[in-house]
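Visitor: This structure is in structure tokens; I'll ask about it shortly.
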Amino acid sequence: MQKYVCLFILVFATHYSFAQLKHQTLQIDSIFTVLHDQNQFNGNVLIAEKGNIILTKSYGLRDETAKLPNNVNTNFELASSSKQFTAAAIVLLKRQGGADGMLRFTKLENGDIQLEMLEAGEVIGSGIRRKS
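Per mature numbering (1 follows the signal peptide of the UniProt record, and there is no 0): the sequence shown = residues -19 to -1, 1 to 113.
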């Protein structure tokens, strides 16, 4: 009899935890669905806990004109990340003697940026200097 009680508790606890996880997944999905419907979110979501994937879903379109939906393979341009790589490449080039230290970037909105500023980390984003 004790074996049956233990088995019942194990089955009930397992079922309850899966039901709770499914409920959490539905809640998270509904939040992102509402955000997408209000034009506040477009992209992919992957939520994991302790190495287990709880939710993976795509919301919105990757191409508005062709009406192509986002999927797990959709590439996104995030936060102009290429600026950091460009700045690092310029600093490396300068350290190797391949760029003039007084070189100015005159075509930028704030054209008074110098290589020394990039190297010293004084430039944030696209030409905005840190306040002293």
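Where a beta carbon is used, it is the ideal one built from N, C-alpha and C, also for glycine.
At what residues does the alpha helix (DSSP H) containing residue 75 begin and finish?
Guide: Walking along the sequence shown from the start, residue 75 turns up at place 94. From DSSP, the alpha helix (DSSP H) with residue 75 extends over 63 to 76.
Visitor: Are three or more beta carbon pairs between the stretch 41 to 55 and the stretch 64 to 76 nearer than 8 Å?
Guide: No, because fewer than three Cβ pairs between the stretch 41 to 55 and the stretch 64 to 76 fall closer than 8 Å, the two stretches do not touch.
Visitor: Please state the DSSP three-state secondary structure of residue 38.
Guide: Within the sequence shown, numbered from 1, the residue matching residue 38 stands at position 57. Three-state DSSP puts residue 38 in a strand.
Visitor: Is the beta carbon of residue 36 closer than 8 Å to that of residue 6?
Guide: Indexing the sequence shown from 1 puts residue 6 at position 25. Indexing the sequence shown from 1 puts residue 36 at position 55. Yes, the Cβ-Cβ distance between residue 6 and residue 36 is below 8 Å.
Visitor: Using the C-alpha atoms, what's the distance from residue 29 back to residue 17?
Guide: Stepping through the sequence shown from its first residue, residue 17 is reached at position 36. Stepping through the sequence shown from its first residue, residue 29 is reached at position 48. Approximately 21 Å, taken between the alpha carbons.
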